[in-house]
Amino acid sequence: MEILVCVKRVPDTAENEIEINSDGTDIDRDDLVYSVNEWDNYAVEEAIQIRDKVGGTVTVVTVGDDESEEVLRREMAMGADKGILLSDGAFEGSDGFGIASILKAAAGKGNYDLILTGAQADDGAAQIGGMLAAMLDRPYASLVNSIEVVDDKTMKIGREIEGGNQEMSEIQMPCVLSIQTGINEPRYVGIRGIRKVASVDIPVHGAADLAVDASAAGSAGAKVKRLDYFVPELGEGAEMLEGGMEEKIDKLVELLKAKGGLK
Amino acid sequence: MAQLFTYIVHKGGLVDDTAAELALAAQKIGSGASVTAIVTGTGADLDAVCQQASKFYSQIWKFDHADLAYPNAEAIRKLLVQLLPSDGIFLLPHDTFGMDLGPGLAVKLKSAYTADIIGIDAVEEGNLKIVRQEFAGMAYTHVSVDISDGVVLTFRPGSFQSEGQGAVNGQIVDKSSEIGELNVNRRFIEIVEAETGDVDITKADVLVSIGRGIEDQDNVEVAEELAEAMGAVVACSRPIVDAKWLEKSRQVGTSGQTVKPKVYMALGISGSFQHMGGIKGSPFIVAVNKNAKAPIFQVADVGIVEDMLEFMPELTEKIESA
Ligand SMILES: Cc1cc2nc3c(=O)[nH]c(=O)nc-3n(C[C@H](O)[C@H](O)[C@H](O)COP(=O)(O)OP(=O)(O)OC[C@H]3O[C@@H](n4cnc5c(N)ncnc54)[C@H](O)[C@@H]3O)c2cc1C
Ligand SMILES: Nc1ncnc2c1ncn2[C@@H]1O[C@H](COP(=O)(O)O)[C@@H](O)[C@H]1O
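Taken in sequence, the protein lines are chains A and B.
The opening residue of the first sequence carries number 222 in my numbering; numbering runs sequentially from there.
The opening residue of the second sequence carries number 74 in my numbering; numbering runs sequentially from there.
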């Protein structure tokens, strides 16, 4: 099976305190720790497991700048066979529709039975997978948390819905699925693994190679534009307990007693 | 103003809370405009849902069809593409159904798409200015959306709380005869209900809930000791279940359990809307987080900026020595 997995390099929200820069045009990107979008690791792991079972290849692809190459290498160190970087100044300012159009063009250069994305990106909107599927006219399912390959045309999939219930469906290939966390346990990638793929060639494609036109990608084509980042005026928020650890604990114990939090 | 439409999510013959919320959001966009609610399904349940929806909408389009018995987003997308005007404004909840339907629908309608909206800032000719969050709620943004060729919008559940409005008494129009071909290559089989675990966190009065801040599986024990000292039950956020450190039945949130404790102590949890969406009944919320800017401090009653790994054993000791 030929599998394409879309991955994105994002600021790691578990590792960073996200702050907004002084003029509100962006978040403060100095000293940010970046990593692969959490959901995408699960997608790549799933692709690798499917390939190991039924054969084929796993290709990882990203739309980004030069630095995004590092996430492709990381996913190749996990076990993906190939990486493709889609990078061009003309892609800057793309909205979701633009990113999906670029990925569609890249998908068209291969013969993929299955395309996986993450369910959402930390700075995204849970949209790329569904857009890509519609552009390619392929069936789609989001929030997939189980995949069973039935035969070369059919898969049985589970979608995670409200309450932790699972919606089981049959879907025809070729198709696009967005992957929810928890579907598997992504394997650990050590420094040695990264080193092994350090010199593997990763092709870069731009707007001309992909024949993506300016009306589809880039800021000119974007119907959705981020205007600013801001700090909203919020209510009072929590009463913050001050003082040293011991003081805070004393206050908390009093509060817990009053609220029925201690038995 | 372009025509406004919403999709009504329902289950077991009951409309979802988002039906009223979307009515409110639609009013904000097209003040005074009539809004059409689209309801799909079959039989008596569908009729009941149409009745309930008519409290909030001036017009209900009812679609009764065997292929719509289960809300398969692929089939519903086909239906909507047959129906909706190309410059329409279509509102959906940002839930597991809206995420499944919205992006592909926008592509097929050649409309703009904006997801997970929490506020509407301005409505102009052919343009909307909306409010969203990024980075797990750590940053807010204004986004401008060109709606001149129509738009599909999804709204975060709970962001537009209706203040009990709703006596519109809308008209229900049966549009079932207009349903075209609905064949799709994704076929619904069944719902597998979530497994019940060893403890029922939905029945607990006091929950000690741990998130990614717990850092390591070995530290889960430290939280268990604290819970025991407090007479509480351990719950958690999603990453703890994904890592298989606790059972799925311990997960609080939209894709986990809905809990109604008296006291909810959130340790190392950032406060994502999917997590907070599982906490009902306005409990007393205590948040412990090492990041003073964590979004959870906006919704907690009491906040403590500390490393939970140092905090938990000290609190346990204090309670045990009392
Ligand atoms: C469709 C869908 C459904 C979802 N359903 C759910 C759901 O039901 N339940 C759920 O919980 N999530 C759900 N999620 C995931 C949700 O979006 C968040 O990713 C998740 O809630 C984050 O969990 P967290 O707060 O534990 O982790 P993070 O967001 O990573 O936050 C960890 C927090 O711990 C703090 N921290 C780190 N170390 C320490 C320390 N030593 N001491 C103190 N604080 C520390 C950090 O400052 C941070 O605030 C869902 C997502 C999707 C897309
Ligand atoms: N720039 C990108 N390059 C490749 N894949 C992406 C990109 N942006 C988003 N995706 C994919 O789409 C998924 C959902 O992202 P989003 O719709 O932005 O929330 C991610 O998990 C990725 O799989």
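Yeah, the Cβ is synthetic: ideal placement off N, Cα and C, and Gly gets one too.
{"Asked": "Q113/B CB to nearest heavy atom of ligand 2 below 8 Å", "Found": "First, the residue type needs correcting, since residue 113/B is Thr and not Gln in the sequence shown. Because no heavy atom of ligand 2 lies under 8 Å away, the Cβ of T113/B does not count as near it: no."}
{"Asked": "Within-9 Å CB hit, S390/A to chain B", "Found": "yes"}
{"Asked": "Cβ pair N386/A, I262/B closer than 9 Å", "Found": "no"}
{"Asked": "Rounded C-alpha distance that separates V112/B from L455/A", "Found": "35 Å"}
{"Asked": "9 Å Cβ cut-off: residues of chain A touching A121/B", "Found": "By Cβ distance, chain A contributes nothing, its closest Cβ being about 20 Å from A121/B, past 9 Å."}
{"Asked": "Segment contact flag, the region 86 to 104 of chain B with the region 172 to 181 of chain B, C-beta cutoff 8 Å, min 3 pairs", "Found": "no"}
{"Asked": "Contact the region 248 to 259 of chain B vs the region 388 to 407 of chain A: 3+ CB pairs below 8 Å", "Found": "yes"}
{"Asked": "Which listed residue (E457/A, Q341/A, A441/A and G331/A) has its alpha carbon closest to that of G277/A", "Found": "G331/A"}
{"Asked": "CB of G384/A within 9 Å of CB of T327/B, strictly", "Found": "yes"}
{"Asked": "Between the CA atoms of V241/B and Y255/A - distance to the nearest angstrom", "Found": "50 Å"}
{"Asked": "Between the CA atoms of G339/A and S131/B - distance to the nearest angstrom", "Found": "38 Å"}
{"Asked": "Three CB pairs or more closer than 8 Å across the region 151 to 166 of chain B and the region 114 to 130 of chain B", "Found": "no"}
{"Asked": "Neighbourhood of K469/A by C-beta, 7 Å cutoff - its chain only, sequence neighbours within 5 removed", "Found": "L462"}
{"Asked": "Environment of R416/A [buried if 16+ CB atoms lie within 10 Å]", "Found": "exposed"}
{"Asked": "Test item: CB-CB of T275/B and T331/B under 9 Å", "Found": "yes"}
{"Asked": "Unbroken beta strand (DSSP E) run spanning Q371/B, endpoints", "Found": "Run containing Q371/B: none in the beta strand (DSSP E); it sits in the alpha helix (DSSP H), I369 to V372."}
{"Asked": "Buried or exposed by the 16-neighbour rule on C-beta atoms within 10 Å, applied to L87/B", "Found": "exposed"}
{"Asked": "Residue of E240/A, I271/A and L448/A minimising C-alpha distance to M222/A", "Found": "I271/A"}
{"Asked": "F78/B versus L307/A: straight-line alpha-carbon distance, rounded", "Found": "37 Å"}
{"Asked": "Contact check, V225/B vs F129/B, beta carbons under 9 Å", "Found": "no"}
{"Asked": "Close-in-space but distant-in-sequence residues of the same chain around G317/A (CB under 8 Å, 5 per side omitted)", "Found": "G345, A346, Q348, I349, M352 and V445"}
{"Asked": "C-alpha distance - V295/B paired with V279/B, whole-angstrom precision", "Found": "17 Å"}
{"Asked": "C-beta neighbour in chain A for N145/B, strict 9 Å", "Found": "yes"}
{"Asked": "One or two residues paired with Q132/B in a DSSP bridge", "Found": "T109/B and Q244/B"}
{"Asked": "Residue range of the beta strand (DSSP E) that includes R259/B", "Found": "R259 to V265"}
{"Asked": "Sub-9 Å separation of A302/B and L201/B beta-carbons", "Found": "no"}
{"Asked": "I412/A in three-state terms, based on DSSP", "Found": "helix"}
{"Asked": "D273/A in three-state terms, based on DSSP", "Found": "helix"}
{"Asked": "Which of helix, strand or coil DSSP assigns to H348/B", "Found": "helix"}
{"Asked": "Bridge partners - A360/B, DSSP secondary structure assignment", "Found": "A339/B and G376/B"}
{"Asked": "Three or more C-beta pairs below 8 Å linking the region 242 to 249 of chain B and the region 368 to 385 of chain A", "Found": "no"}
{"Asked": "Separation of E406/A from V361/B, as counted between CA atoms", "Found": "28 Å"}
{"Asked": "Bridge partner(s) assigned by DSSP for C123/B", "Found": "Answer is none; C123/B lacks a bridge partner."}
{"Asked": "Residue from A311/A, S289/A and S315/A whose Cα sits closest to the Cα of G304/A", "Found": "S289/A"}
{"Asked": "Residues bridged to I184/A (per DSSP)", "Found": "Past the boundaries of the shown model lies residue 184/A; chain A is included only from 222 to 484, so the question cannot be answered."}
{"Asked": "Selection from R229/B, F370/B, S310/B and L382/B that minimises the alpha carbon distance to E298/B", "Found": "L382/B"}
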